[in-house]
Amino acid sequence: MDNLGKEIDKLSNQLTDLRIELWREHTLFTWQWWMLVVICFVFVILLIVFVKKEKALSTVAFIGIVYIINKNLDDVATALDWYDYRIQLEPIIPTMLPANLIIIPIGFGVLYARYEPWKSFLVSIIIFAGLVSFIALPLMKLAEIYIEKNWNSILSFVSLLAITIISKLIIDRLKFKNV
1 MDNLGKEIDK LSNQLTDLRI ELWREHTLFT WQWWMLVVIC FVFVILLIVF
51 VKKEKALSTV AFIGIVYIIN KNLDDVATAL DWYDYRIQLE PIIPTMLPAN
101 LIIIPIGFGV LYARYEPWKS FLVSIIIFAG LVSFIALPLM KLAEIYIEKN
151 WNSILSFVSL LAITIISKLI IDRLKFKNV
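Under full-length UniProt numbering, the final residue of the sequence shown carries the number 179; numbering is consecutive throughout.
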């Protein structure tokens with residue numbers, strides 16, 4: 001078992017070295033890299049502008065739950081080689097940190113803060129999940145940021161809706177208990 005563990009460590013270190021090399025030589029400061037930076041800033045600004053102070057706490061909690069679920073699903077999907085990311089803001093984490101940490105949680109968080117009733121919330125998340133799944137992901141493929149293997153836009157759409165609905169159910173339940 002010790003030998004197998006050492007072999008895994010060795011391969012993991014080699015993989016990290018390759019990721020750093022790919023990032024340094026083919027990613028850093030490319031137009032795709034800058035695009036990810038700008039999109040992240042835009043979403044942070046949207047959060048600051050559109051979330052009112054009185055809804056900030058529940059929105060941040062919602063964003064946190066979306067992040068945790070989405071990041072874990074992305075980790076599993078990346079580990080199982082369902083898709084891969086070639087362009088990253090940083091070289092170490094193999095999943096799409098800008099999407100997991102900023103774009104998806106904040107995008108849905110702004111919608112959560114603005115559309116509290118279920119009907120309007122559902123309409124807004126269906127639209128945003130559709131934009132992410134059927135427009136952003138194909139554009140990321142065209143830009144060679146994202147490589148689809150055993151995944152597709154429909155799975156992305158359904159998983160984003162499920163993540164968001166589960167997150168709202170959790171926060172609504174916590175808010176109801178505190179009333």
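For glycine and all other residues, C-beta sits at the position ideal for the given N, C-alpha and C. Quantities reported herein were computed from a predicted structural model and do not represent experimental measurements.
Residue i, DSSP secondary structure in three states
i           : result
residue 172 : helix
residue 146 : strand
residue 14  : helix
residue 103 : helix
residue 96  : coil
residue 152 : coil
residue 115 : coil
residue 90  : coil
residue 28  : coil
residue 1   : coil
N-terminal and C-terminal residue of the beta strand (DSSP E) that residue i is part of
i          : result
residue 85 : 83–85
N-terminal and C-terminal residue of the alpha helix (DSSP H) that residue i is part of
i           : result
residue 44  : 31–50
residue 118 : 118–131
residue 180 : Nothing about residue 180 can be read from this structure; the chain reaches only from 1 to 179.
Option in the options with minimal Cα separation from residue i
i           : options           : result
residue 108 : 51, 74, 153       : 51
residue 87  : 104, 13, 80, 37   : 37
residue 120 : 29, 168, 26, 173  : 168
residue 47  : 35, 33, 62        : 62
residue 149 : 160, 165, 137     : 137
residue 172 : 55, 156, 139, 140 : 55
residue 18  : 75, 94, 60        : 94
residue 89  : 6, 102, 122, 158  : 102
residue 158 : 125, 29, 33, 91   : 125
residue 175 : 142, 59, 71       : 59
residue 35  : 147, 99, 84       : 99
residue 40  : 75, 7, 105        : 105
residue 146 : 156, 96, 113, 110 : 96
Heavy atom of the ligand COA within 7 Å of residue i beta-carbon
i          : result
residue 94 : As presented, the structure is devoid of all ligands, the ligand COA included, so that no description of it is given.
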